[in-house]
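Quick notes on the structure that follows.
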Amino acid sequence: MNPAIVFEPDGYRTDGERLMGRQAAGSGFLRAAVAAANGEALAGYTPTQRSAEVFARTVAEIDPSAKAQWLQPGRPDQLARIGHLYMPGPTLGDLARQRMRVSPSAWSITGITHTTASHGAMDSIADLLAAPVMPWDALICTSNAVVSTVRVVLEAQRDYLRWRFGTQLALTTPQFPVIPLGVHCKDFDLAPDERRLARQALGIGDDEVVALFVGRLSFHAKAHPHAMYAALQAVAKSTGRKLTLIQCGWFANKSIEQAFRSGAIADCPDVRCLFTDGRAALSRRSSWASADLFISLSDNIQETFGLSPVEAMAAGLPVVVSDWDGYKDTVRDGVDGFRVPTWMAGPGAGEGLARAHEIGLETYDAYCGLSCQYVSVDHAVLAARLSSLVTDDALRQRMGDAGRARAREVFDWAVVYRRYQELWTELDRLRAAAPGVAGVARASPARLDPFVSFAHYPTHQISGATVVRVRGGTAASAYEAMAKQGLYSYAQRAIPSVDSVQKLWPVIETGSSVEAIAAKFRVSQAEVVRAVAVLAKMGLVELTAGGT
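Once you know that position 483 of the sequence shown is 483 in UniProt numbering, the rest is easy, because the numbers rise by one and skip nothing.
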C-alpha cells in the first residue's frame with residue numbers, strides 16, 4: 001500500500017546548497033515508498049507540471065523501472081481511489097478543508113512532524129482542534145518528545161476554546177502515532193578498505209581516535225559545540241590520546257563558520273579539528289568511514305528526532321548524545337552509547353522570549369538561538385563517557401555492534417515503512433466504519449464560492465430563470481474573434497469553447513432560459529451560467545430576469 005504523496009522538491013531532494021534533516025528524511029521516505037510500490041505507479045500530488053516532472057525524475061533516479069503518476073489536486077476522484085494522501089509536514093488542516101468539497105471521508109490524510117518550534121508548525125498543531133480533521137487522519141510524531149509537545153499545545157488550545165466559547169466542545173482529533181524516522185542501513189555498510197583509505201585521505205593515523213559530528217553546523221539551531229569542544233579537550237589532556245574531531249556539515253554564513261573555527265581553537269587546542277562538507281555524498285561517506293565514535297549534543301528546541309545518531313548506529317559507531325528530544329528514544333544509554341543528562345530553564349523563564357518572537361522583535365533563528373542558551377549538558381558526565389570510549393576499544397566495538405543491530409531491527413526504512421502501511425490500514429478501517437458526517441459544509445468558510453461570498457455586489461444574479469438572447473444580428477463567429485483577443489485569451493480555461501458556443505447559438509437567437517438550455521444540452525445549470533456570463537461580458541447577448 002502506498003499513498004498519494006504531496007510533492008514539492010524542497011521536501012525530498014538532498015542535492016541543494018542548504019541540506020536539512022527534513023529533506024534527508026523525505027528522501028529516505030520516498031526511497032522506501034518506491035521499494036514498496038511492487039510495480040504500481042507512485043502518485044505525486046502537486047498542482048504544477050514542473051514539480052510533477054521533478055517527482056518523476058526523482059523516482060526514476062531511485063529505480064529506473066519504477067513508474068510515477070502525476071496526481072493533480074483538481075482530480076479528487078483519482079485521490080479517492082488511492083484513499084490516502086501523505087504530506088511531509090504537519091499542516092493537515094488545509095488539506096482537510098480542501099477535502100470538504102468532496103467529503104470528509106473521501107480519503108485519509110497523514111502528516112508528519114519535523115520541527116515543532118516555529119510559529120507555522122505550532123499554528124498547524126493548534127489548528128487541529130478546529131480544522132475538519134477526522135479520526136481516520138493521522139499526524140505521525142517522530143518521537144515521544146514530539147507527541148508530548150503536541151499534547152501540551154492541544155491542551156492549551158482546548159483551554160483557549162473553552163474560555164472563548166464558554167462551553168464544553170466536542171472536539172475531534174486525528175491519530176497521533178509515534179513512528180520514528182528511518183535510515184537505509186545498507187547505505188552505511190563499508191567495504192573492507194574504506195576505513196583505511198578514508199583515514200589516509202584525511203591524514204589520520206592509526207593511533208588517533210576520531211570523534212564525528214554530522215549535521216548542520218549551526219550553534220543556534222542544531223547543536224552548540226562548546227561542551228563537545230571542552231569535553232574532548234579534557235579527555236585529550238587526561239588520557240594523553242591523540243584525538244581528532246571531524247565536523248561534517250555546512251555553514252549558513254561566514255560568521256557562523258568563523259565562530260565554529262575560533263571556538264575550536266580556543267576550547268580544544270589539543271584536539272585536531274577537521275571540517276568536511278556534509279552536502280557532498282562522498283565527503284559524508286568518507287567522514288563516516290574515518291570515525292571511531294559519534295557525538296551529537298543537540299540542545300535546541302527546533303529539532304524533534306535527530307536522524308544522525310541513527311545513521312551513526314547504522315554505521316556501527318558508538319554514540320554519545322545529549323539526553324534530549326528524540327535522542328531519548330533512539331539511543332539506549334549504556335548499550336548503543338551514552339546519553340548525557342541535560343538541564344533547561346523551567347516554565348515561566350521564557351515568557352519574554354516567546355512574546356518577543358510573537359511580536360516580531362526576535363526572528364525565528366534568534367528565538368531558537370537564544371532559547372538554547374538556557375540549555376546545558378552535564379560537562380563532567382560528558383567527559384567521563386567520552387573518556388571511557390576513547391580508552392576502551394572493546395567498549396567501542398561492543399556498543400557499535402549493538403547500535404548497528406538496533407538500527408537494522410528498529411530504524412531501517414523497510415521496518416519503519418511497514419509501520420506506516422500498518423497505520424494506513426488502520427485508518428482505512430476507521431474510515432470504512434465511520435458513520436456519515438451529518439450537516440457537513442461543502443467548503444471551508446474562508447474559501448467559499450466567490451459568487452456566494454460576493455453575491456450582494458451585482459444588480460442581478462444569473463439564475464436558472466434568467467433569459468438569454470443574442471443581441472440583434474450578432475453572428476456566432478463574433479465569439480471566436482473576441483475569444484482570441486488578449487483581453488480574453490488569458491482566461492481560456494475559464495471561458496466556453498468555440499464549439500460549444502456555436503452549438504448554443506441557435507438556441508439563444510430567439511431567447512431561452514438558463515434552465516431550459518441546461519436541460520436541452522444535459523449539462524449543469526452552473527456550466528450554462530458561466531457560459532452566458534462570458535457572452536454577456538463580451539456584449540454578445542442580453543440578459544433579462546425570468547418572467548419579464
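Beta carbons are placed, not taken as given, at the ideal position from N, Cα and C, and that holds for glycine.
Looking at residue 156 and residue 131, is the spacing between their C-beta atoms short of 9 Å? no
In its own chain, which residues sit with a C-beta less than 6 Å from the C-beta of residue 298, not counting the 5 before and 5 after it? 223, 306, 322 and 324
Among the candidates 18, 418, 291 and 396, whose CA atom is the shortest distance from the CA of residue 36? Nearest option by C-alpha distance: 418.
From the DSSP output, in three-state form, read off residue 609 for me. The shown model of the chain, from 1 to 548, leaves out residue 609, and the question about it has no answer.
Buried or exposed, going by whether 16 or more other CB atoms sit within 10 Å of the CB of residue 2? buried
Mind checking which residues open and close the beta strand (DSSP E) that includes residue 340? 337-340
Residue 281: which of 15, 11 and 7 sits nearest, CA to CA? 15
According to DSSP, is residue 572 helix, strand or coil? Shown here, the chain extends from 1 to 548; a query on residue 572 therefore has no answer.
For residue 458, is the classification buried or exposed, using 16 other Cβ atoms within 10 angstroms of its Cβ as the cut-off for buried? Residue 458 comes out exposed.
Residues that residue 272 bridges to, as DSSP identifies them: 244
Are the CB atoms of residue 174 and residue 133 within a distance shorter than 9 Å? yes
What does the alpha-carbon distance come out to for the pair residue 246 and residue 210? 7 Å
Determine, using beta-carbon pairs with one atom in the region 338-354 and one in the region 276-296, whether at least three such pairs fall under 8 Å. no
With the cut-off set at 9 Å, would you say residue 178 and residue 411 are in Cβ contact? Not a contact, by the Cβ cut-off of 9 Å.
Nearest candidate by alpha-carbon position, reference residue 478, set 464, 497, 13 and 463: 497
So, for residue 7: in the same chain, excluding its five sequence neighbours on each side, which residues have a beta-carbon less than 7 Å away from its beta-carbon? 44, 45, 46, 51 and 55
The beta strand (DSSP E) enclosing residue 45, as first and last residue numbers: 42-45
Taking just the CA atoms, how far does residue 295 sit from residue 254? 24 Å
Backbone CA spacing between residue 141 and residue 545 [nearest angstrom]: Here the alpha carbon of residue 141 sits roughly 57 Å from the alpha carbon of residue 545.
Any beta carbon of chain C sitting closer than 9 Å to that of residue 105? In summary, chain C is missing from the structure at hand, where a single protein chain is found.
Ordered list of beta strand (DSSP E) runs contained in the region 456-488, each at least 3 residues: 467-470
Do residue 358 and residue 119 have their C-beta atoms within less than 9 Å of each other? yes
Determine the burial state of residue 93: buried for a count of at least 16 other Cβ atoms within 10 Å of its Cβ, exposed for fewer. buried
According to DSSP, residues forming a beta bridge with residue 6: 45
Same chain, Cβ closer than 7 Å to residue 482, five either side skipped, listed in chain order: 488 and 538
Which value, in whole angstroms, describes the spacing of the CA atoms of residue 192 and residue 150? 45 Å
Given 8 Å, three or more beta-carbon pairs between the region 247-266 and the region 372-389: Contact fails: fewer than three Cβ-Cβ distances are below 8 Å.
Contained alpha helix (DSSP H) runs [length at least 4] in the region 185-228, N- to C-terminal order: 194-201
Under three-state DSSP, which class holds residue 391? helix
Output the residue ranges of the alpha helix (DSSP H) runs that lie fully inside the region 142-185 and measure 4 residues or longer, sorted by chain position. Counting only runs of 4 or more, we get 144-165.
Nearest to residue 541 by CA position, among 471, 533 and 509, is which residue? 471
Starting from the C-beta of residue 335, find all residues in its chain whose C-beta is less than 6 Å away, skip the five residues before and the five after it, and write them out in chain order. 402
Give me the Cβ distance between residue 495 and residue 507, rounded to the nearest whole Å; I'm assuming they're in contact under 8 Å. Going by Cβ atoms, the distance from residue 495 to residue 507 rounds to 18 Å, so no, they are not a contact pair.
How is the beta strand (DSSP E) around residue 554 delimited, first residue to last? With the chain covering only 1 through 548, there is no way to say anything about residue 554.
Within the chosen definition, does the region 206-221 reach the region 233-243 through at least 3 CB pairs nearer than 8 Å? yes
If you run the structure through DSSP and keep just helix, strand and coil, what is residue 134? coil
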